[in-house]
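Using the numbering used here, the first residue of the sequence shown is number 154, and each one after it goes up by one.
Right, one structure below, let's go through it.
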Amino acid sequence: MQDYNINGLAIPLFLMFMLLEYVLLRLKGQKLHRFNDSVASLSMGMLLLISDALLKAYTFAVYIYLFDQHRLFEFSPAGAATWLIFFFAVDFCYYWFHRCAHQFNFLWGAHVGHHQSEEYNLTTALRQSAFQYAFSWVFYLPLALLGCPPQVFLVLFILLKLYQFWLHNQLINKIPYIEGILSTPSSHRVHHAKNPLYIDKNYGGTLVIWDRMFGSWQAELTSEPCHYGTSHPLKTLNPIKANLQHWWMLAKDTATTQSWRDKLRLWFKPTGWRPKDCRNKETTNPVPLQKTGCARREKYDPQTSLPIKCYVALSMLMIFYLSCSFILLSPTLPALSILLATVLIVTGLVSANALLENKLGYLAVETLRLPVMLYFGTTLSTPMALAIADILPVF
């Protein structure tokens, strides 16, 4: 089982809960999903899982090296105290990564994708920047030096991420007794809101006691309904552009400013900071990067035909299958198969979202990609079945 990446098994489970949420909302007469927004969010989630599958072996190797060679204390993986201490420690490290990701320009570029959706539902939980794990892992390295056993860290980190999934919903109101202690849907709605009152609040993953301790706590107010998205609107469904949006704006300001000092420090300044000679130039970014802007505005909602939506739905189901196979089997696949799967998935996600923007030229791309994906997917069916059969007895 150690030869497989079991994260792929979570995808069908997430899809089931998202479908359940959609049904419950419709039964209540609420429409909080848009097809194009949900496809865009799920596309971002697929890109994150792929990058995680490709990067995790290398980033976790650094953690193991520090633990094996430089740990300061000894903790038994079987000790209850170990799990309790490092439950708080993992959540504490997440709080500071999350806070820094909102505070510094270059890190915001690796996190902004999670906040770009103008809807708030369980699909938003999977909408993550593909490059987030390329930066966040550094914040957990102190745990290796403190002696957190790798298996303890992995389990606690996975539980932290799974816990955050259910926070992204509007079905559940405030929960008595735990508000202000644990992260809840109410506290996390505040975190995702672009209302000026709510920006840069409630960074906690599992616990919000850190927010109370470090001055970033804000309760959800009935007098201030949440409006979702970023203050600088995305205005595209393309998952590649969504991942690169903020860094591209920084790069344009870097090229525009005449100050060599500003060209460097722009990336490390707080989000929202821009060089003086870029702030009023229409040729670059005519609006602030973050922090200010209109909380209420018309949503980006391109319309397309029902046949296109049906095709995109079927295409996404096939991409989900290929993604599950790729993520599950990635440690055992040859490099050429990994490259082919990555290209097929990424081009499929880009095409699906382009079609929802009525860019019908991408149908030509699909005529080439689709048969290759179908053939490649069938070659993975047998090893996929064997991998699942190998893993399921453990559960």
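Cβ atoms here follow ideal geometry from the backbone N, Cα and C, with glycine treated the same way.
Boundaries of the alpha helix (DSSP H) in which residue i is found, first to last residue
i           : result
residue 256 : 233 to 256
residue 356 : Looking at the DSSP string, residue 356 is not in any alpha helix (DSSP H), and its letter there is neither H nor E.
residue 396 : 392 to 409
residue 306 : 303 to 318
residue 283 : Premise fails: residue 283 is in no alpha helix (DSSP H) and is neither H nor E.
residue 368 : Residue 368 -> no alpha helix (DSSP H), and no H or E assigned at all.
residue 325 : No alpha helix (DSSP H) holds residue 325; DSSP gives it neither H nor E.
residue 295 : 294 to 299
residue 511 : That residue, residue 511, is in no alpha helix (DSSP H); it is neither H nor E in DSSP.
residue 415 : 413 to 418
CA-to-CA distance, residue j to residue i, given in whole angstroms
i           : j           : result
residue 408 : residue 286 : 27 Å
residue 235 : residue 228 : 6 Å
residue 219 : residue 521 : 46 Å
residue 479 : residue 203 : 8 Å
residue 529 : residue 245 : 42 Å
residue 483 : residue 200 : 14 Å
residue 402 : residue 418 : 14 Å
residue 486 : residue 337 : 39 Å
residue 271 : residue 414 : 35 Å
residue 208 : residue 239 : 23 Å
residue 516 : residue 385 : 30 Å
residue 275 : residue 267 : 12 Å
residue 504 : residue 495 : 14 Å
residue 321 : residue 230 : 32 Å
residue 359 : residue 193 : 26 Å
residue 147 : residue 535 : Given that the chain is displayed from residue 154 to residue 548, the structure contains no residue 147 and the question cannot be resolved.
residue 405 : residue 492 : 30 Å
residue 277 : residue 167 : 11 Å
residue 432 : residue 397 : 20 Å
residue 499 : residue 329 : 43 Å
residue 388 : residue 294 : 36 Å
residue 393 : residue 265 : 13 Å
residue 370 : residue 459 : 44 Å
residue 532 : residue 362 : 49 Å
residue 467 : residue 461 : 10 Å
residue 304 : residue 339 : 32 Å
residue 224 : residue 309 : 19 Å
residue 198 : residue 279 : 5 Å
residue 345 : residue 262 : 16 Å
residue 514 : residue 399 : 27 Å
Three-way DSSP call (helix, strand, coil) for residue i in this model
i           : result
residue 332 : strand
residue 230 : coil
residue 346 : strand
residue 443 : Any reading at residue 443 must be qualified, since the residue scores a pLDDT of 48, below 50, and its modelled position is unreliable; the value itself is stated next. The answer is coil: DSSP assigns residue 443 none of H, G, I, E or B.
residue 423 : strand
residue 216 : helix
residue 453 : coil
residue 167 : helix
residue 570 : Here the chain comprises residues numbered 154 to 548, so residue 570 is not present and cannot be evaluated.
residue 381 : strand
residue 264 : coil
residue 437 : Here residue 437 scores only 43 on pLDDT, less than 50, and its place in the model is too uncertain to base an answer on.
residue 189 : helix
residue 458 : coil
residue 375 : coil
residue 271 : coil
residue 522 : helix
residue 534 : helix
residue 487 : coil
residue 119 : This structure gives no information on residue 119, because the portion of the chain shown stretches from 154 to 548.
residue 429 : helix
residue 386 : coil
residue 173 : helix
Proximity winner among the options, relative to residue i (alpha-carbon distances)
i           : options               : result
residue 163 : 290, 311, 190 and 274 : 311
residue 291 : 180, 392, 215 and 452 : 215
residue 471 : 184, 523 and 298      : 523
residue 452 : 185, 168, 166 and 177 : 185
residue 420 : 253, 168 and 193      : 253
residue 342 : 329, 302, 375 and 314 : 375
residue 165 : 250, 533, 370 and 473 : 473
residue 377 : 317, 170, 178 and 349 : 349
residue 581 : 301, 303 and 372      : Because the chain here runs from 154 to 548, residue 581 falls outside it and cannot be looked at.
residue 188 : 273, 206 and 411      : 273
residue 335 : 347, 346 and 319      : 319
residue 222 : 379, 313, 302 and 344 : 302
residue 190 : 260, 423 and 454      : 454
Assumed close pair residue i, residue j - CB separation to whole angstroms, cut-off 8 Å
i           : j           : result
residue 511 : residue 457 : 5 Å
residue 299 : residue 367 : The Cβ separation is near 20 Å, so there is no contact.
residue 382 : residue 248 : Between residue 248 and residue 382 the Cβ distance is about 23 Å, and since that is not below 8 Å, they are no contact.
residue 296 : residue 306 : 6 Å
residue 174 : residue 315 : With 8 Å as the limit, residue 174 and residue 315 do not qualify as a contact, their Cβ atoms being about 16 Å apart.
residue 525 : residue 497 : 6 Å
residue 282 : residue 502 : About 14 Å; that fails the 8 Å criterion.
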